[in-house]
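Novice:
Protein chains: 2
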Amino acid sequence: MKGAIGIDVGGTKIAFGAVTPDGRIVARRTIATQPDDPFESGFGRIKHETEQLLVDVGWQADEVSGIGIGCPGPVDTARGLILSVYTLPGWSNREFAGPLSAHFNNMPVRLENDANAALLGEAFAGAAKGKKSAVMLTLGTGVGGAVLLDGKIYHGAGGAHPEIGHVSVLPDGPECYCGTRGCYEIIAAGPAISDAGAEIGLAGSEAVFAAAAAEGNAKAAAIIDGVSAATEVAVWSILHTYLPELMLFGGGIVDDHWPLFEAAAQKSLAAAVLARDEDVTIARATLGNDAGMVGAASLILQNGS
Amino acid sequence: MKGAIGIDVGGTKIAFGAVTPDGRIVARRTIATQPDDPFESGFGRIKHETEQLLVDVGWQADEVSGIGIGCPGPVDTARGLILSVYTLPGWSNREFAGPLSAHFNNMPVRLENDANAALLGEAFAGAAKGKKSAVMLTLGTGVGGAVLLDGKIYHGAGGAHPEIGHVSVLPDGPECYCGTRGCYEIIAAGPAISDAGAEIGLAGSEAVFAAAAAEGNAKAAAIIDGVSAATEVAVWSILHTYLPELMLFGGGIVDDHWPLFEAAAQKSLAAAVLARDEDVTIARATLGNDAGMVGAASLILQNGS
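In the order they appear, the protein sequences are chains R and X. So the first sequence is residues -6 to 298, counted in my numbering. So the second sequence is residues -6 to 298, counted in my numbering.
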């Protein structure tokens, strides 16, 4: 077999990659998600781009081990359903894996939550390679969370994905759709920083980071201090629940502001009397935006969890 | 084999039980811990009481599968060391399992953290029987936490016990020895409630519960409301990290005030949009003070984790 296809379905774009058994991406394509289009249209475009990718890379369908797909929100890995009601409303509860497999001569198709796929990618060919346990937080338009235990993605009750990005960090903080106040996502995700910035006349999360860094803007600095404090608390609770070998951060906000997240996480680790520093590593994801695609392909290549 | 010996080492007393392969306690003994005595004295008393228990129950040493021991704080399960520096200072880093085994003709001796032992007991013969995943919080002089995944106790990085009782619930709350402010233990454990009560002229945690229940004492009610709110947040973060099939509560404070803990936990579960209610059960431990002893014995009887 020459490799597998990894598909990373995001809220704004869908990335396709032809991934070799050792985790290299040898061809790629990207299309817009168009989340408001009917499901049938999106499904048809995914089929079409996958076929084109195979043409690009020169692989015959029978030389491909299968297709792995990472997508936002909860998925039903057993039945191949996307369950997301927030980020991809039209795709919710639609059967996805089965029809795609049928179209490609019953090639194996596996579905995984995108945050899980990113961690699988890092474990397959990135910063989590060789680690037995890891927790990854991916900060972007939301905070994705994923847990690797004994080298496999951990699923909770009913096979569902635990939404670690929604751990409580500030019980009297802003209200989140998840049902509580002051979860990590509602303070540290891009839209949360933007919303806080809008209240002090700044447009976009990067403007808030910039104003805080330039000093002289105490309100912007307070927002970023809040992100830092929220990160300390999120890391604290992860250290005291999972105590993982590796605490991994990824996503656009982390890529642009890693020192802030690293300092907050290290501060929590150093303070945690009941967790031995030397057993836990804090690190940044190394595959960047490719982690989800590589991890999706690894669902097939590793016959992973 | 007629059974195993389960020993539950607590801060104030040590309980010994002869436990049958189906989890019944057929004989028991209890002695004071005397934590300030030298380790050698405590070790000698444990040997002696174990011998006496075998006489009581009429089991020969070669009819016993082994000895399981649950004890406070971190333990090194591989080397058979108690690592606790807070609750049993004199016992810290002392080799325990090896010498005890040597004394009893090299009978297997296994050590486990007491909170883990309690959950193993519930899984062996109590409320967690048949559950694949469970998180247990045991509220007493501290808040013990334990996690069962795939029927085995989960250990974190370096084989250490994650101290779930110290998840963050109120970042600006009281300071705890664990290194943070406002962890669950520093708000909801017995001494925490007592300390808060002392500040308003009440002696002991039960006096605070009684004054709050009698109404008319707004300050006492505020302390108990704080315990309730802290429980909601702790449950929230456990639902969003482990998403376990079973969320189990045990310990003296829970035994006396279960409706409060049940209501707080159910409130969090009902609010958690991203965790399906029907997949998660909230329950109270059923073995009471015997859970640790039965669980310790189950380390041997089940050849458990």
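We treat Cβ as the ideally placed atom computed from N, Cα and C, and that holds for glycine.
Mind checking if S298 (chain X) is an interface residue toward chain R, Cβ cutoff 8 angstroms exclusive?
Specialist: For the purposes of this step, residue 298 (chain X) is taken as residue 305 along the second sequence, with counting starting at 1. Any answer about S298 (chain X) is weak, because its pLDDT of 36 lies below 50 and its placement is not dependable; what the coordinates show is given next. No, because no Cβ of chain R sits closer than 8 angstroms to the Cβ of S298 (chain X).
Novice: If C171 (chain R) and H159 (chain R) are in contact, beta carbons under 8 angstroms, what's the gap, nearest whole angstrom?
Specialist: For the purposes of this step, residue 171 (chain R) is taken as residue 178 along the first sequence, with counting starting at 1. For the purposes of this step, residue 159 (chain R) is taken as residue 166 along the first sequence, with counting starting at 1. The Cβ separation is near 4 angstroms, so the contact holds.
Novice: Tell me the rounded alpha-carbon separation between I157 (chain R) and A110 (chain R).
Specialist: For the purposes of this step, residue 157 (chain R) is taken as residue 164 along the first sequence, with counting starting at 1. For the purposes of this step, residue 110 (chain R) is taken as residue 117 along the first sequence, with counting starting at 1. Distance between the alpha carbons of I157 (chain R) and A110 (chain R) is about 15 angstroms.
Novice: Could you say which of X:R38, X:A20, X:A71, X:G16 lies nearest to T26 (chain X) if we only look at CA atoms?
Specialist: Translated into positions along the second sequence, residue 26 (chain X) becomes position 33. With distances taken between Cα atoms, T26 (chain X) lies closest to X:R38.
Novice: Determine the contact status of M100 (chain R) and V50 (chain R), defining contact as a CB-CB distance below 8 angstroms.
Specialist: Within the first sequence, the letter at position 107 stands for residue 100 (chain R). Within the first sequence, the letter at position 57 stands for residue 50 (chain R). It is not a contact, given that the beta carbons lie outside the stated cut-off.
Novice: Determine the direct distance from the alpha carbon of D248 (chain X) to that of I186 (chain X), and round the result to whole angstroms.
Specialist: For the purposes of this step, residue 186 (chain X) is taken as the residue at position 193 of the second sequence. For the purposes of this step, residue 248 (chain X) is taken as the residue at position 255 of the second sequence. Roughly 16 angstroms between the two C-alpha positions.
Novice: Between the segment 87 to 99 of chain X and the segment 52 to 70 of chain X, can you find at least three pairs of beta-carbon atoms closer than 8 angstroms?
Specialist: With a cut-off of 8 angstroms, the segment 87 to 99 of chain X and the segment 52 to 70 of chain X count as touching, because enough Cβ pairs lie within range.
Novice: Measure the alpha-carbon distance for G83 (chain X) versus E33 (chain X) and round it to whole angstroms.
Specialist: Position 90 of the second sequence, counted from the first residue, corresponds to residue 83 (chain X). Position 40 of the second sequence, counted from the first residue, corresponds to residue 33 (chain X). Looking at the two C-alpha atoms, the distance is approximately 9 angstroms.
Novice: Anything in chain X within Cβ reach of V266 (chain R), meaning under 8 angstroms, just list it in chain order.
Specialist: Start at 1 with the first residue of the first sequence, and residue 266 (chain R) comes out as number 273. Neighbours of V266 (chain R) on chain X, chain order: Y170, C171, G172.
Novice: Is the CB of W84 (chain X) under 8 angstroms away from at least one CB in chain R?
Specialist: As a working note, residue 84 (chain X) is residue 91 in the second sequence. Judged by the 8 angstroms Cβ criterion, W84 (chain X) is not in contact with chain R.
Novice: Mind checking if T234 (chain X) is an interface residue toward chain R, Cβ cutoff 8 angstroms exclusive?
Specialist: Taking the first residue of the second sequence as 1, we reach residue 234 (chain X) at position 241. Yes - at least one Cβ of chain R is within 8 angstroms of the one on T234 (chain X).
Novice: Assess, as a yes-or-no matter, whether the segment 176 to 195 of chain R is touched by the segment 250 to 257 of chain X under the definition of 3 or more beta carbon pairs within less than 8 angstroms.
Specialist: These segments do not touch.
Novice: Hey, is D272 (chain X)'s beta-carbon within less than 8 angstroms of any beta-carbon in chain R?
Specialist: Translated into positions along the second sequence, residue 272 (chain X) becomes position 279. So, interface residue.
Novice: Pick out the complete beta strand (DSSP E) segments inside the segment 96 to 176 of chain R, 3 residues or longer, and give them in chain order.
Specialist: You should have 102 to 106, 127 to 132, 136 to 142.
Novice: Report the rounded CA-to-CA distance for F36 (chain R) versus K124 (chain X), giving the unit in angstroms.
Specialist: Within the first sequence, the letter at position 43 stands for residue 36 (chain R). Within the second sequence, the letter at position 131 stands for residue 124 (chain X). Looking at the two C-alpha atoms, the distance is approximately 38 angstroms.
Novice: If I'm right that A284 (chain R) touches A276 (chain R) with Cβ under 8 angstroms, what's the distance once you round it to whole angstroms?
Specialist: Sequence index remark: in the first sequence, residue 284 (chain R) carries index 291 (1-based). Sequence index remark: in the first sequence, residue 276 (chain R) carries index 283 (1-based). Actually they are not in contact, since the Cβ atoms of A284 (chain R) and A276 (chain R) sit about 13 angstroms apart, beyond 8 angstroms.
Novice: Going by beta-carbon coordinates alone, are G299 (chain X) and V102 (chain X) separated by less than 8 angstroms?
Specialist: Look at the range of chain X in this structure, -6 to 298, and you will see that residue 299 (chain X) is not part of it.
Novice: Shorter than 8 angstroms from the beta carbon of R269 (chain X) to some beta carbon of chain R?
Specialist: Here residue 269 (chain X) refers to the residue found at position 276 of the second sequence. Output row for R269 (chain X): interface = yes.
Novice: Considering only their Cβ atoms, is the gap separating V201 (chain R) from C217 (chain R) smaller than 8 angstroms?
Specialist: As a position in the first sequence, residue 217 (chain R) is number 224, starting the count at 1. As a position in the first sequence, residue 201 (chain R) is number 208, starting the count at 1. The sequence shown places Ile at residue 217 (chain R), not Cys. Against a cut-off of 8 angstroms, the Cβ pair of V201 (chain R) and I217 (chain R) comes out as a contact.
Novice: Between the Cα of P67 (chain X) and the Cα atoms of R:R269, R:G197, R:P164, which residue gives the shortest distance?
Specialist: For the purposes of this step, residue 67 (chain X) is identified with residue 74 of the second sequence, where counting begins at 1. The shortest C-alpha separation from P67 (chain X) is found at R:R269.
Novice: Pull up the DSSP beta-bridge partners for M240 (chain R), would you.
Specialist: Taking the first residue of the first sequence as position 1, residue 240 (chain R) is located at position 247. R:V128, R:I275, per the DSSP bridge assignment.
Novice: When burial is assigned at 16 or more other CB atoms within 10 Å of the CB, is H233 (chain X) buried or exposed?
Specialist: Taking the first residue of the second sequence as 1, we reach residue 233 (chain X) at position 240. The residue in question, H233 (chain X), is buried, as its Cβ has 16 or more Cβ neighbours within 10 Å.
Novice: Could you check what DSSP says for I18 (chain R) in three-state terms: helix, strand or coil?
Specialist: Your numbering for residue 18 (chain R) matches position 25 in the first sequence. DSSP places I18 (chain R) in strand when its eight states are reduced to three.
Novice: According to a CB-to-CB cut-off of less than 9 angstroms, which residues of the segment 242 to 262 of chain X neighbour chain R?
Specialist: If the cut-off is 9 angstroms between Cβ atoms, the segment 242 to 262 of chain X has S261 near chain R.
Novice: Report, in whole angstroms, the separation of the C-beta atoms of A182 (chain X) and D1 (chain X), which I expect to be a contact under 8 angstroms.
Specialist: Position 189 of the second sequence, counting from 1, holds the residue named residue 182 (chain X). Position 8 of the second sequence, counting from 1, holds the residue named residue 1 (chain X). 18 angstroms between Cβ atoms; not a contact.
Novice: Assuming I18 (chain R) and I7 (chain R) form a contact by the criterion Cβ under 8 angstroms, report the distance between their Cβ atoms to the nearest whole angstrom.
Specialist: Within the first sequence, residue 18 (chain R) is the residue found at index 25, counting from 1. Within the first sequence, residue 7 (chain R) is the residue found at index 14, counting from 1. Actually they do not touch by this definition, with Cβ atoms about 15 angstroms apart.
Novice: Going by C-alpha to C-alpha distance, which of R:K145, R:E271, R:E168, R:F242 sits closest to N282 (chain R)?
Specialist: Within the first sequence, numbered from 1, the residue matching residue 282 (chain R) stands at position 289. Nearest option by C-alpha distance: R:F242.
Novice: Which whole runs of the alpha helix (DSSP H) in the segment 63 to 96 of chain X are 4 residues long or more, in chain order?
Specialist: Segments of the alpha helix (DSSP H) lying fully in the segment 63 to 96 of chain X: 90 to 96.
Novice: Where DSSP assigns a beta bridge to K6 (chain X), which residues make up the other side?
Specialist: In the second sequence, counting from the first residue as 1, residue 6 (chain X) sits at position 13. DSSP output for K6 (chain X) lists X:A25 as bridge partner(s).
Novice: First and last residue of the alpha helix (DSSP H) that includes I193 (chain X)?
Specialist: As a working note, residue 193 (chain X) is residue 200 in the second sequence. Note, I193 (chain X): premise wrong, no alpha helix (DSSP H); not H, not E.
Novice: Residues of chain X with CB closer than 7 angstroms to the CB of I217 (chain R), please, in chain order.
Specialist: Translated into the one-based positions of the first sequence, residue 217 (chain R) becomes position 224. None at all; the shortest Cβ gap to chain X is about 17 angstroms.
Novice: Going by CA-CA distance only, name the one from X:E105, X:L132, X:D143 that's closest to I179 (chain X).
Specialist: Counting from 1 along the second sequence, the entry for residue 179 (chain X) is found at position 186. That would be X:L132, whose Cα lies nearest to the Cα of I179 (chain X).
Novice: In chain R, which residues lie with their C-beta within 8 angstroms of the C-beta of V19 (chain X)?
Specialist: Here residue 19 (chain X) is taken as the residue at index 26 of the second sequence, counted from 1. Those within 8 angstroms of V19 (chain X) in chain R number zero; the least Cβ separation is about 35 angstroms.
Novice: Which residues in the same chain have their Cβ closer than 6 angstroms to the Cβ of R87 (chain R), if we skip the five residues on either side of it in sequence?
Specialist: Locating residue 87 (chain R) in the first sequence gives position 94, counting from the first residue. Hits under 6 angstroms: F32.
Novice: For G51 (chain R), which three-state DSSP category applies?
Specialist: For the purposes of this step, residue 51 (chain R) is taken as the residue at position 58 of the first sequence. Here G51 (chain R) sits in coil by DSSP.
Novice: Provide the residue span of the alpha helix (DSSP H) that contains D270 (chain X), from first to last.
Specialist: Mapped onto the second sequence, residue 270 (chain X) falls at position 277. Note, D270 (chain X): premise wrong, no alpha helix (DSSP H); not H, not E.
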